[in-house]
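Here is the structure we will look at, set down as C-alpha cells.
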Amino acid sequence: MDLIVQQSINAISLGGVYAMLALGLAIVFSIVGLINFAHGDIMTFGGYGIFLALVFGFSPVAALAIGIGAAVIMALTLERTAFRAMRGADVVTLLITSFAVSEILKVLFQNGISARPVPISFPAGWSGTYEVAGATIGVVPTVSIIVAFASLTGLTLVLRRTATGMAMRAAAEDIEMLKLLGVRANRVVAIAFAISGLLAGVAAVIWTAQRGSVDPMMGFFPVLKAFIATVLGGLGSLGGAVLGGFVIGILEVLTQAFLPDGLSPYRDAIVLALVIAALLWRPDGLLPAKNANRS
Amino acid sequence: MIMRKLLLTTTSALVVAGAVQAEDYVIGVMSAQSGYLAPYDGPAYAGFQFCIDQKNAGGGLNGELMVKTIVKDTRSDIAEGVKVVQEMIDDGAQFIVSSADADPTIAAAQITMADGIPTMTFAGTAPVLTQVGPHVFGSYPADNQQGAVLAAYAREQGLENVYLVKSPDSAYTLGGPEYFGEVFESLGGNIVGTSNYSLNQPDFSAIVTTIKAAEPTPDVIVTWAWEPDFPAFIKALRGAGLDTQVMGGDVLDTPTVRGLGDVVDGVVHTSGGFPDEGSDYAKFIDDFKAATGTTPDNNYYVNGCDIANMIEQAVAAAGSTDPAAVAEAMAEIENGKGIMSDFTFKGTDRMPLRDVVVARITGAGEKEFVLRTTADPDLLPQP
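So the protein sequences, as listed, match chains A and B. Under my numbering, think of the first position of the first sequence as 37, with each following residue one higher. Under my numbering, think of the first position of the second sequence as 7, with each following residue one higher.
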C-alpha cells in the first residue's frame with residue numbers, strides 16, 4: 037500500500053512538471069502556430085539563473101525568483117528577436133527556426149558557462165521527508181505537486197476571468213479576427229510567450245530542486261516529453277496539454293516501478309507505443325482543440 | 007623561363023616541406039566539444055595537448071620526433087566520430103586518440119582496424135572496448151579493476167547487502183555495477199536488488215521507492231551513473247529519507263558532484279589518482295595552472311598527459327613509427343612511467359593495470375583519500 041501511495045505521488049509530481057511544460061508549448065502553438073523546441077532552453081536558462089544567483093550570494097528563495105524571472109525574460113527576448121520576424125510563416129519554417137534558436141542557446145550555455153553540469157545546492161531541509169499514514173513522502177515532490185496545480189489553476193483563472201485571457205483565447209481561435217477587432221496582437225502574443233516562460237521557469241525551479249544540477253541539455257528531454265504530451269492531448273488544446281502531461285508522467289513512473297527487469301530497457305518504447313495506440317484511437321488527441329490540428 | 011624557374015623553385019620547396027612534415031609523428035584526436043562527452047573529452051584533450059606541447063618544446067617524443075596533432079570535433083555523435091577518424095587517417099594520422107567512452111572508441115577502432123593504427127581511448131573504462139582488435143588500448147583503470155577494488159573495500163567495511171542501479175544504455179553504466187556485484191558476491195556479499203534507468207532519465211523517484219521497499223534492506227547502493235543522472239538520483243534518494251551508503255565509479259570524481267552539498271556527504275567512489283603533496287601529479291597540477299591559468303580539477307587532465315607518455319614510451323620501444331610496431335610495443339609495456347600512476351599493458355587485454363584510488367566526499371565538498379591499491383588479479387571479473 038505504501039509503495040502504491042509513494043509511486044502515485046512520484047507519478048503526479050513528474051506529470052505536473054510535464055503538464056506545465058506542455059501547457060507552455062500549447063499556449064504559444066495555439067496562438068502563433070509555433071511548436072517551440074527552444075522552450076527547453078528557456079527552462080535551462082531559468083536553471084542557470086538560479087545557479088548564478090546562488091553564486092552571487094542571493095538567498096535560495098531569491099535565487100528561485102530570479103530563475104523564474106530569467107526564464108520569462110528569455111521567452112520575451114526570443115519572441116521579439118527570433119519569432120516575431122517569422123510570424124505568419126508555415127509550421128515547418130517555424131519549427132526549423134525554433135530548432136535553430138535552441139541550438140544557438142545550447143552552444144552559448146556550453147561556451148559561456150560550462151559544457152558540464154554545474155551544481156545547485158539548496159538547503160538540506162528542502163530535501164526532507166514527512167510521514168503520512170506510514171508512507172514517507174518527500175518535501176520536494178509534494179511542493180512540486182502543489183506548485184504545479186497552483187500554476188495550472190492560476191493560469192486557468194487568468195485565461196477565463198481576465199480581458200487579457202479572453203484576448204488570448206480569442207487569438208487562439210482566430211488571430212486575424214482579433215486584429216480586425218482592434219486588439220493589439222503583438223501584445224497578446226508577447227503575453228503568451230511570457231506565460232510560457234513563466235511556466236518554463238517554474239518547471240526549472242522544480243527540476244533543479246529535484247535534480248541538483250543544471251547543464252546545457254537540461255531542458256531538452258523534458259520538453260521532448262512535453263511535446264509528446266501536447267500531441268497526445270491534442271495540438272493547440274490547453275486542457276489536452278495538461279492531460280497529456282499527466283498521462284505521460286504517470287506512464288513513465290508506472291512502467292519504471294512495475295515493469296519486470298527484463299523489460300525495463302524497453303520502457304520508453306512501451307510508453308511511446310501506448311501513445312501511438314491512443315492516437316490511432318483518437319487521431320486529434322485526447323482533448324482536441326475546437327479548430328483541431330490533427331496530431 | 008622565369009615562370010619555369012618559379013614553378014621549379016615552388017615545387018622543390020613543397021617537396022622539402024613535405025619531407026619535413028613526413029618526419030612528424032601525426033596523432034589524430036577525437037574530442038567532443040559539445041554533448042555528453044564534452045565534460046570528459048575537453049579536460050583530457052587539454053592535458054594531452056599540454057604534454058605534447060611540452061615534449062615538442064624539448065625536441066619531440068624522446069627528444070627527437072616532433073608531434074603534429076589533428077584535432078576534430080565529434081559533437082559526442084558516434085556517426086560523426088567515425089567520419090572524423092576516417093578524415094584523420096586520410097590526413098596521415100599514425101595514432102588515434104579516441105573519445106572518453108567505450109562506444110565511440112569501439113566505433114573508431116572499426117575504422118582504424120584495416121591499417122592496424124593504434125587507437126587509445128581518452129578515458130573509456132569498459133574492458134570490452136579492447137576486444138575489437140589488438141590495435142585498441144585503454145588508458146584509465148578499467149571498470150572491472152575499479153569494481154573489484156571498490157567491492158573489496160565495501161566488504162572490508164562490513165557491508166553485506168548491495169542494491170545495484172545501472173543503465174543498459176552504455177557499457178560503462180552497465181558494466182561497473184555488474185563487476186562490483188560479481189566481486190561482492192564472490193567475497194560473501196549479497197545482491198538484494200537491481201534497478202535499470204535510462205541515460206538522462208528525468209526522474210529517479212520510482213527507483214528510490216523500489217529501493218526503499220527492498221528486502222533485506224541494502225546497506226550499500228552502487229551505481230556508475232554519471233552527470234546529470236547521479237545528481238538527480240542522489241537528490242531523490244536523500245529526499246526520500248534514505249541515508250544508505252552510496253558508492254560509485256570514477257565518474258563521481260568531479261567538482262559538480264562534490265558541489266551538491268549535504269546529499270553527497272560520505273559518498274565513496276573510485277578514482278584513477280590522487281594528487282598527494284610532493285607527487286608528480288601535484289607538480290603537473292601546478293605546471294598546468296601556471297601555463298594555462300586553469301586548475302585541473304579532475305583526473306582526465308592528467309590522464310590525457312599520461313596518454314602522451316604512453317605513446318612516447320611505445321614509440322621508443324618500437325624504435326619506429328610504423329603503426330603495427332607501435333601497437334605491438336605498447337602491448338608489451340611493463341611498469342611504464344606515468345604521472346597519475348604507472349601502467350602495465352603486458353599480460354593484460356590492453357586495458358592497463360594501474361592503481362585504483364578509493365576516495366570519500368566530505369560534507370565540505372572535499373575529496374578525502376581512503377586507499378590506493380591495484381586490483382587483485384584473482385578477483386578481477388572477465389568482460
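Cβ atoms here follow ideal geometry from the backbone N, Cα and C, with glycine treated the same way.
S44/A has a beta carbon lying at 7 Å or more from every beta carbon in chain B. If you check the CB distance, L67/B and V321/B come in under 7 Å. Neighbours of L112/A in chain B, taken as residues whose beta carbon is under 7 Å from its own, are absent, since the nearest beta carbon is some 27 Å off.
F81/A and S138/A have their C-alpha atoms some 11 Å from each other. Closer than 7 Å to the CB of S157/A there is at least one CB belonging to chain B. In the same chain as G34/B, and ignoring 5 residues on each side of it, the C-beta atoms closer than 6 Å to its own belong to I76, M94, A99 and I102, in chain order.
Residue contact check for G248/A against chain B: a CB pair falls below 7 Å. Along the region 159-198 of chain A, the beta strand (DSSP E) occurs as fully enclosed runs of 3 or more residues at 165-168 and 171-174, listed in sequence order. The beta carbon of S277/B sits closer than 7 Å to those of D256, D259, N305, V363 and A365, all from its chain and outside the five residues before and after it, given in chain order. Contact of N202/B with chain A by beta-carbon distance below 7 Å involves D297, S300 and P301.
For E374/B, DSSP records a beta bridge to R366/B. Residues of the same chain with a CB within less than 7 Å of the CB of G130/B, apart from the 5 flanking positions on each side, are A106, D107, A108, T111 and G144 in chain order.
Relative to the Cα of I264/A, the nearest Cα in the group V194/A, L217/A, A55/A and I48/A belongs to A55/A.
The Cβ of T80/A sits no closer than 7 Å to any Cβ of chain B.
For R360/B, the CB contacts under 6 Å within the same chain, skipping 5 residues up- and downstream, are P147, S347 and F349 in chain order. By the C-beta criterion, the region 279-294 of chain A is judged to be in contact with the region 37-52 of chain A, since at least 3 inter-stretch pairs fall below 8 Å.
In the DSSP assignment, S277/B falls within the beta strand (DSSP E) that extends over V274 to S277. The Cβ atoms of T262/B and P301/A do not sit closer than 7 Å to each other. Put simply, of Y51/B, P49/B, S82/B and Q55/B the residue whose alpha carbon is nearest the alpha carbon of S40/B is S82/B.
Secondary structure note for T298/B: its alpha helix (DSSP H) is the uninterrupted segment D286 to T298. Boundaries for T127/B: no alpha helix (DSSP H) harbours it, while the beta strand (DSSP E) harbouring it runs T125 to T127, taken from the DSSP string. Here Y307/B is near G53/B, since their CB atoms are less than 7 Å apart. DSSP places K78/B in no alpha helix (DSSP H) but in the uninterrupted beta strand (DSSP E) bounded by V73 to K78. If you draw a straight line from the Cα of L71/B to the Cα of D293/B, it comes to about 23 Å. In the DSSP assignment, Y169/B falls within the unbroken beta strand (DSSP E) covering N167 to K172. Shown here, T80/A sits in a helix according to DSSP, grouped into three states. By the CB criterion at 7 Å, N150/B and Y185/B fall inside the cutoff. Taking P224/B as the centre and dropping the five residues before and after it, the same chain places the C-beta of N167, V168, Y169, V198, G199, I217 and T250 closer than 8 Å to its C-beta, in chain order. DSSP, read as helix, strand or coil, puts T266/A in helix. The beta-carbon separation of A111/A and S232/A, rounded to 6 Å, stays under the 8 Å limit for a contact. With a minimum length of 4 residues, the unbroken runs of alpha helix (DSSP H) contained wholly in the region 177-246 of chain B fall at 177-192, 211-218 and 235-245. In this structure, V224/A sits away from A236/A, with a CB-CB distance that is not shorter than 7 Å.
As DSSP reads the structure, Y159/B sits in no beta bridge. Taking the Cα positions, S211/B is about 11 Å away from I48/A. V308/B carries a helical assignment under DSSP once its states are collapsed to helix, strand and coil. Residues of the region 47-79 of chain A that bring their beta carbon within less than 9 Å of a beta carbon in chain B comprise A47, S49, L50, V53 and Y54, in sequence order.
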